[in-house]
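Since the structure comes first, as structure tokens, the remarks are kept for the end.
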Amino acid sequence: MAELVLDTSVRGAGLVVLSDGGEVVGFRAVAGGASSLHESLADLLKSAPARVSSVLVARGPGSYIGVRSGLAAGLGFAQGRGIRIHLVGSLRVVAETVDPVDARVLVLRSAGRGGILGQPFVPSGLGWAEDGPSQLLSGGRDASSFWLGAAVIIDPDAVVPAGAEPRRLRPIRGLEQALARLAVAAEGPGVPYDQVSADYAIRVGAER
Amino acid sequence: MRLLAIETSCDETAAAVIESDWTLHSSVVASQAQAHARYGGVVPELAARMHLERLGGVVDQALEPIRGGLRGVDGIAVTRGPGLVGCLAVGVSYAQGLALATGLPLVGVNHMTGHVLAAKIAEPDLEPPFVALVVSGGHTDLIHYRADDDVVLMGATRDDAAGEAFDKVARMLGLAYPGGPEIDRAAGSGNPGRYRLPRPLLPDFNFSFSGLKTAVLYLLRGLDPTDPQVVADVAAGFRLAVVETLVAQLEAAAESAGVSQVVVAGGVASNALLRETVRERFAKVARVVIPAPSLCTDNAAMIGAAGLVRSRMRGFDREALDADPGLRAYAA
Ligand SMILES: [Zn+2]
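The structure is reproduced here in structure tokens:
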């Protein structure tokens with residue numbers, strides 16, 4: 323029994339992970355493009371022929387084409403095998419690279435073109451739980467109001483604009499380990515094949 | 106050989122199952138037209154999102170009549186281009202996931218070749234050579250289909266595609282989107298002879314509909330566009346001008362190519378006046394093949410047909426396959 327995990331929400335890159343009980347059995351980097359995703363997936367399944375019993379896909383927010391390609395590939399695979407598909411927010415994956423601390427955190431990730439994706443999380447059990455929707459902040463000015471009052475910021479891409487001095491948490495595990503952890507935590511019947519959808523971050527306007 | 110076919114290049118989410126003897130087991134189309142109607146055209150991001158949400162259900166439905174479901178299928182055909190980048194990515198990635206899960210081989214298909222080869226489902230004994238008029242929202246093409254691996258583009262539109270012109274004129278007349286069926290409905294009670302509109306005939310089998318569109322704009326300046334009879338008469342005059350232009354160029358192309366078979370395909374080929382006029386004009390000189398309207402508008406059956414031809418010709422795409430939004434129309 324193993325879980326196949328896909329996260330292609332980062333612009334031009336992604337990860338395909340095979341997980342068994344939360345342990346990474348194998349992973350491949352996805353360089354970008356549908357054929358590259360296919361190659362990474364095929365290669366990983368060949369090298370680690372564990373029986374895949376469920377699929378977990380990062381549903382964004384993130385790269386427009388990447389998120390959709392990953393979700394579609396995950397859906398096709400799950401439907402082709404008749405197995406469950408689970409979805410997880412892409413910023414939750416980033417949160418899971420850090421062990422929970424006793425505080426509300428904001429996860430920030432560069433969205434390209436000066437934009438910032440952000441989402442608040444609170445500690446929950448051994449990991450994190452969403453404390454609000456994901457947002458697309460169009461620039462530093464908006465971001466500063468967004469993280470006001472948050473104790474900690476996880477900032478893997480170093481996107482914090484000048485002037486802000488949040489307390490940063492350092493990742494203690496890689497994205498592939500975070501994905502493997504989340505795959506184990508994914509429970510229940512999963513998402514019906516006709517209800518797979520991406521997370522579209524709420525746009526926070528440029529004007530104030 | 107039995108193929109599951111998937112189409113997501115624009116605003117229809119579609120799946121079909123087709124047999125190598127051209128028997129169509131199923132063809133399911135979930136149209137997004139209503140969702141895009143209020144924006145007056147296809148919104149790419151919304152289209153990609155809806156494909157993702159609908160593809161699973163549409164494929165399940167297409168597989169319903171197949172004993173064993175996916176196990177009763179020998180390969181998967183999917184549209185790889187041309188089309189909207191996000192929409193194609195959803196279809197191609199989904200098909201790849203499905204192929205990896207099942208071990209089924211995959212074949213990538215040119216959407217425009219699909220439109221032409223829908224004619225094989227309509228009349229399986231149709232063999233090249235033939236001339237095809239392909240008219241849709243994005244294309245107005247005349248092609249010489251000499252053989253499956255030898256397709257020559259004879260002419261195309263220099264500006265608006267016929268379907269696009271229908272959409273724009275419909276907007277001028279206060280009619281809804283998509284414009285083709287709306288203009289058809291309005292034209293039904295109109296007099297096509299009341300307002301004479303130009304027939305823009307370009308050399309070399311090319312088309313230009315922007316002048317005709319401008320002529321409608323000028324014509325409407327002197328008229329009351331809220332008068333239903335005016336709308337009906339202008340719609341009828343416009344429709345006739347488009348149809349006569351298309352048919353005149355098709356006649357010239359068929360004569361120049363020296364073929365005795367013509368095919369009309371693409372979404373606009375579901376237009377009743379175009380179908381009738383082509384049949385009438387070619388009654389004594391050529392065999393006319395026009396697929397049923399449901400095979401003219403975007404669907405996956407036509408992708409299955411093109412997948413059968415392509416896999417026969419070149420085998421399956423065993424290696425990875427990329428979506429190609431800018432894929433040249435009719436390229437193998
Ligand atoms: Zn089309």
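Residue numbers (our numbering), protein chains in the order written: chain H, 323 to 530; chain C, 106 to 437. All C-beta atoms, glycine included, are put in the ideal place defined by N, C-alpha and C.
- Cβ contact annotation for V414 of chain C (same chain, cutoff 7 Å, sequence separation greater than five): L222, D253, in chain order.
- Only P514, Y515, D516, Q517, V518, S519, A520, Y522 from the stretch 500-523 of chain H bring a Cβ to less than 9 Å from some Cβ of chain C.
- Comparing C-alpha distances from A370 of chain C to each of C:V336, C:L175, C:H244, C:D429 shows the shortest one belongs to C:H244.
- Distances taken from the Cβ of D403 of chain C to the heavy atoms of ligand 1 include one shorter than 6 Å.
- Only residues of its own chain outside the window of five on either side were considered, and among them E112, E117, A119, A121, S132, V134, A223 have a CB closer than 8 Å to the CB of N404 of chain C, listed in chain order.
- The alpha-carbon separation between I438 of chain H and G454 of chain H amounts to approximately 16 Å.
- Between ligand 1 and the CB of S241 of chain C, the shortest heavy atom gap is smaller than 6 Å.
- Within the stretch 111-139 of chain C, no residue has a Cβ lying closer than 8 Å to any Cβ of chain H.
- Counting other Cβ atoms within 10 Å of its Cβ, V163 of chain C reaches 16 or more and is therefore classed as buried.
- With the rule of 3 Cβ pairs closer than 8 Å, the stretch 363-378 of chain H counts as touching the stretch 323-343 of chain H.
- In the DSSP annotation of this structure, Y250 of chain C is not part of any alpha helix (DSSP H); the continuous beta strand (DSSP E) holding it starts and ends at 245-252.
- When C:V183, C:A362, C:F271 are compared, the shortest CA-CA separation from V236 of chain C is found for C:A362.
- Within chain H, the residues D516, Q517, V518, S519 have their CB atoms less than 8 Å from the CB of E158 of chain C, given in chain order.
- Residues of the same chain with a CB within less than 6 Å of the CB of R263 of chain C, apart from the 5 flanking positions on each side, are N311, S313 in chain order.
- Distance from V423 of chain H to G440 of chain H at the Cβ level is roughly 18 Å; contact not present, criterion being Cβ atoms closer than 8 Å.
- Taking a Cβ-Cβ threshold of 9 Å, none of the residues of chain H is close to Y144 of chain C; the smallest such distance is about 17 Å.
- In the DSSP secondary-structure assignment, N215 of chain C is bridged to C:G186.
- Under a criterion of Cβ atoms nearer than 9 Å, the residues of chain H adjacent to D165 of chain C are, in order, Q401, Y515, D516.
- Across the set C:E124, C:R159, C:D265, C:G284, the C-alpha of C:G284 shows the shortest separation from the C-alpha of F271 of chain C.
- The three-state secondary structure of V339 of chain H, taken from DSSP, is strand.
- Under the three-state reduction of DSSP, I494 of chain H is assigned to coil, being neither helix nor strand.
- Your pair F443 of chain H and A417 of chain H checks out as a contact, with CB atoms roughly 5 Å apart and the cut at 8 Å.
- The continuous alpha helix (DSSP H) containing G409 of chain C extends over residues 406-419.
- Residue-level contact check: S198 of chain C touches chain H, since one or more beta carbons of chain H fall below 7 Å from its beta carbon.
- Taking C-beta atoms as the reference points, A434 of chain C and V214 of chain C fail to come closer than 7 Å.
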